[in-house]
Amino acid sequence: MNLGSLIGNINYLRYSVGISMMINGFPIIFFVRDTLGIGPSSSVFTGIFFALALLLMVPARLTTVAYKPNILLFQFAALFFGLLVYYFFFINNMGKSATDIVNFAYTFGFFFLLLYVPNDIQKTLLVVLFLMSLMNNLTLIYSLITNPNWTLGMRAAVTFANEDAQQGGNPHLAARNALVCLLSGYVLISEFKNTWIKILLIVSLVFSFCVIILTQSKSCLLGTGIIIATHLFFRFSFSRMAGGIKQLFTLRALVVLVVMLGIVRYLIHRFYGIYSIIINYWDVLAGRFEDVLFTAFQLETSEEVVEDASAMGRVASFDFLKKAIYDPKVLAIGNGYKFEFMDVPPIEMLANHGILGCFIFCALNFFFLMFSVREIRLGRSPLGIFAASFFMYFPALLISSGRPYDIAYWFPYMFFVRFLGIPYLNKKHAAPDTLPGQIPSVAR
12 MNLGSLIGNI NYLRYSVGIS MMINGFPIIF FVRDTLGIGP SSSVFTGIFF ALALLLMVPA
72 RLTTVAYKPN ILLFQFAALF FGLLVYYFFF INNMGKSATD IVNFAYTFGF FFLLLYVPND
132 IQKTLLVVLF LMSLMNNLTL IYSLITNPNW TLGMRAAVTF ANEDAQQGGN PHLAARNALV
192 CLLSGYVLIS EFKNTWIKIL LIVSLVFSFC VIILTQSKSC LLGTGIIIAT HLFFRFSFSR
252 MAGGIKQLFT LRALVVLVVM LGIVRYLIHR FYGIYSIIIN YWDVLAGRFE DVLFTAFQLE
312 TSEEVVEDAS AMGRVASFDF LKKAIYDPKV LAIGNGYKFE FMDVPPIEML ANHGILGCFI
372 FCALNFFFLM FSVREIRLGR SPLGIFAASF FMYFPALLIS SGRPYDIAYW FPYMFFVRFL
432 GIPYLNKKHA APDTLPGQIP SVAR
């Protein structure tokens with residue numbers, strides 16, 4: 012890959028920036044709005060930000076053809092999206108919020124514009140995703156350093172300027188950004204031949220993992236473990252692993268290993284304060300996992316184990332599920348749009364939209380999972396591997412946090428529908444009017 016070729020096409024750059032802002036834009040919003048104090052401390056700023064992202068994605072000209080998404084994923088996503096819209100207008104006891112209408116419009120607009128994004132944008136998009144997420148990691152550290160109320164041991168997140176907002180910021184979105192940086196950097200390592208760029212990418216992987224630890228996000232760390240396990244299982248065969256182990260015992264490999272160990276030992280000694288901070292955060296995170304496991308499974312707890320409030324909330328959600336099974340009304344149509352907050356999206360779908368809504372939502376995520384596993388196993392394209400790896404983080408979210416209505420779910424979902432499991436994605440420089448897999452557009 013040549014950096015010069017990446018910046019040669021302005022359209023590809025602006026498409027990539029727009030997509031990156033849509034699927035990973037919250038850290039930028041928090042930094043500009045809450046750390047720098049630019050713009051109103053409300054959802055208005057968020058709306059303007061995403062409107063700008065969509066504007067960047069508008070193609071130079073709307074043609075009568077569009078690029079074909081994953082049809083199976085599109086069908087289930089359309090069913091689920093249509094179900095939410097129907098419930099919003101006709102089975103809604105919580106009021107029709109303007110924010111929800113705007114979110115629906117942005118989700119539809121994002122997917123519509125994704126259909127006009129060329130397939131050979133993928134390498135430019137990966138570089139932009141990496142650079143923006145790396146910048147977000149650095150701005151997070153800057154925000155922590157300049158925040159007089161933040162001390163070591165607290166979760167790493169940008170503190171919201173709005174007094175009525177969530178205390179301590181949102182560490183989960185900071186952790187997700189670090190994961191995006193880690194995954195995009197990992198995929199790009201094999202795309203660049205320049206040694207210094209490879210070193211930068213490897214350093215960014217370590218830095219991003221440290222940021223995940225600083226956020227103390229259990230769901231992100233669990234998702235990272237799922238991603239690593241999936242790649243080890245499907246991308247590294249026994250023969251390749253045996254060959255790799257054999258290569259470790261060559262003279263050259265041993266020399267490199269000794270040098271690296273020496274460098275690591277020097278860095279730990281030189282920056283022992285930073286090293287001890289990371290280790291302490293790791294211990295705290297391990298303790299939080301222990302608290303969650305003991306609370307979730309309602310095991311006997313020792314004096315050292317603290318009851319985890321978030322896990323107790325999910326225990327209550329599962330208790331609700333046991334009762335809902337015997338309630339015909341809940342099973343048939345649910346309680347209505349956003350009526351119950353469960354913090355476990357599949358259970359919330361059952362509570363609010365009945366068994367049909369829960370089935371559609373679970374089926375959509377099941378097929379996301381199947382296409383992700385296949386894409387990781389086949390490794391057909393860099394962007395496909397990134398999208399598949401990114402989704403493998405979502406199963407941890409689905410059992411731990413968020414709501415199925417959140418744009419933090421839906422913007423990445425639209426990205427997956429467009430780029431996940433696309434067999435022709437790796438074809439280079441295909442002409443838009445001859446690309447196999449195009450469908451007629453309804454743009455006109």
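In short: position in the sequence shown from 1, add 11, done, that's our numbering.
C-beta: ideal position from N, C-alpha, C; glycine also.
Asked                                                                                                                                                                       : Found
Below 8 Å on the Cβ atoms is my guess for G432 versus R385; work out the distance and round it to an integer in Å.                                                          : 7 Å
For the alpha helix (DSSP H) containing Y23, name the first residue and the last one.                                                                                       : I21 to N35
Taking its Cβ as the centre, do 16 or more other Cβ atoms sit within 10 Å of N104, making it buried, or is it exposed?                                                      : exposed
Helix, strand or coil: which one does DSSP assign to F163?                                                                                                                  : Per the sequence shown, the amino acid found at residue 163 is Leu instead of Phe. Three-state DSSP puts L163 in a strand.
Name the two residues that bound the continuous beta strand (DSSP E) containing A77.                                                                                        : V76 to Y78
Kindly indicate the opening and closing residues of the alpha helix (DSSP H) around S219.                                                                                   : T206 to T226
Measure the Cβ-Cβ separation of I39 and M32 and say whether it is below 8 Å.                                                                                                : yes
Less than 8 Å between the C-beta atoms of V214 and D45, yes or no?                                                                                                          : no
Taking all protein chains shown into account, do 16 or more other C-beta atoms lie within 10 angstroms of the C-beta of F92, making it buried, or fewer, making it exposed? : buried
What residues in its chain sit with their C-beta under 6 Å from that of A186, if we drop five residues either side in the sequence?                                         : I223, T226, S228 and C231
Taking the straight line between their C-alpha atoms, what separation do you get for D444 and L126?                                                                         : Here the model assigns D444 a pLDDT of 36, short of 50, so the residue's position is not dependable, and the following value carries that caveat. If you take the alpha carbons of D444 and L126, they lie about 14 Å apart.
Please report the distance separating the alpha-carbon of K204 from that of N20.                                                                                            : 21 Å
Near F308, which residues of its chain fall below 7 Å by C-beta distance, leaving aside the five closest residues on each side in sequence?                                 : Unreliable positioning characterises F308 in this predicted model, as indicated by a pLDDT of 44, which lies under 50. A coordinate reading is not provided.
Quick check on the burial criterion: 16 or more other C-beta atoms within 10 angstroms. Buried or exposed for I358?                                                         : buried
Below 8 Å between beta carbons: does that hold for I387 and F87?                                                                                                            : no
Please classify W421 as buried or exposed, where buried requires at least 16 neighbouring CB atoms within 10 angstroms.                                                     : buried
Quick one: using the 10 Å Cβ neighbour count with 16 as the cut-off for buried, is N160 buried or exposed?                                                                  : exposed
For A71, I'd like the list of residues in its chain whose CB is within less than 8 Å of its CB, leaving aside the five on either flank, ordered along the chain.            : N22
Suppose the cutoff is 6 Å on Cβ atoms and the five residues either side in sequence are ignored; what does the same chain contact list for N181 look like?                  : A168
Can you tell me which of S54, L262, S27 and F405 puts its alpha carbon nearest to the alpha carbon of L65?                                                                  : S27
Here's the rule: buried if 16 or more other CB atoms are within 10 angstroms of the residue's CB, otherwise exposed. What is F377?                                          : exposed
Which of the three DSSP states is assigned to N130 in this structure?                                                                                                       : helix
Between which residues of its own chain and G234 is the CB-CB distance below 6 Å, once the five residues before and five after are set aside?                               : Y404 and A407
By how many angstroms is the C-alpha of L361 removed from the C-alpha of R414?                                                                                              : 12 Å
Just mark G368 as buried or exposed, buried being the case when its beta carbon has 16 or more other beta carbons within 10 Å.                                              : buried
List the whole-angstrom C-beta distance separating I410 from V355, where the pair is believed to meet the contact cut-off of C-beta under 8 Å.                              : 6 Å
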